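Colleague:
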Ligand SMILES: [Cu+2]
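Residue numbers (our numbering): 1246 to 1539.
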């Protein structure tokens, strides 16, 4: 094997450590949860041959739907999918394994452990971050099921759709940056805040004419129109990333969390991975009047 091949296979191994997850990642306490356990691919170069999902107290498996090419064994606290005899799995195979759970535990971040077997190798997805911390940077994080009370789960299901998010690249030493996106609410909802680990402070700003000068200021709670896109864009509303801890580098992504509040006063959060670019994607005119000069 020459050097180039070796490097590319190493790169592939890195990419192959993508996570095991569940969809949806939210469950309502006291209610059935119907969703899937999702496997991105095999363990590096080897195909997945079995998946074990271990459930904590308060979460029980009710039913696992049949999946072509797989056999399933179920106890209340563990579900095991095993590749069926005569099936030849591929390392690139992805899988969604349908499952029904019953969630009786109180609202909390609830971690499920998964074991992914690829022949003789096993990957244990079991790393749990400190409370409130993210799994960012973890190699084999456990699977997070966010258990919520009914009002929070309803707010989460009806949270706005966020699309076309981007942030403008900043220069070294530049203290602030802006993030932009399109938000479409499904029910009466306010955008009430934002946060990002790359910024000491993040705020939603609006542009206001003061005399004949456009200035920006904190927008407070923004009432989002229902079913109609609301644009955060240069020269208009934007998420202001203040006290930047590092420059926003073109080609990277930054985590940004938006906080919404529904008509019943219940908050929901949407975590975004926002791509950083030098110019608005799609070549739209930048517009704006120095919206990042305070
Ligand atoms: Cu601003």
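Virtual Cβ for every residue (Gly too), placed ideally from N, Cα, C.
Since this is a predicted model, take the numbers as computed values, not measurements.
Quick check: the Cα distance between residue 1252 and residue 1443, rounded to an integer number of angstroms?
Modeller: The pLDDT assigned to residue 1252 is 31, lower than 50, so where the model puts this residue is not dependable, and the model offers no usable value.
Colleague: By DSSP, does residue 1423 sit in helix, in strand, or in coil?
Modeller: Residue state, collapsed to three classes: strand.
Colleague: How many angstroms separate the CA atom of residue 1312 from the CA atom of residue 1343?
Modeller: Approximately 8 Å between the Cα atoms of the pair.
Colleague: Is the CB-CB distance between residue 1501 and residue 1399 below 9 Å?
Modeller: Not in contact: residue 1501 and residue 1399 (Cβ atoms no closer than 9 Å).
Colleague: Between residue 1404 and the rest of its own chain, which residues show a CB-CB distance below 7 Å, the 5 nearest in sequence each way excluded?
Modeller: So the list reads 1505, 1513, 1515, once near-sequence residues are dropped.
Colleague: In the DSSP assignment, what are the bridge partners of residue 1366?
Modeller: 1363, per the DSSP bridge assignment.
Colleague: Please determine if the region 1351-1364 and the region 1465-1478 are in contact, where contact requires at least 3 C-beta pairs separated by less than 8 Å.
Modeller: The answer is no - the region 1465-1478 does not touch the region 1351-1364, with fewer than three Cβ pairs under 8 Å.
Colleague: For ligand 1, which residues have a Cβ under 5 Å from at least one heavy atom, in chain order?
Modeller: Selection output, chain order preserved: 1450, 1461, 1485.
Colleague: Given that a residue counts as buried once 16 or more other Cβ atoms are within 10 Å of its Cβ, and exposed if not, what is residue 1379?
Modeller: Exposed is the call here.
Colleague: So the candidates are 1422, 1280, 1370; which of them puts its Cα closest to the Cα of residue 1385?
Modeller: Looking at the Cα atoms, 1370 is the closest of the given residues.
Colleague: Using DSSP with H/G/I as helix, E/B as strand and the rest coil, what is residue 1340?
Modeller: Strand, per DSSP.
Colleague: Relative to the alpha-carbon of residue 1389, which residue among 1282, 1523, 1487 has its alpha-carbon at the smallest distance?
Modeller: Among 1282, 1523, 1487, the Cα nearest to that of residue 1389 belongs to 1282.
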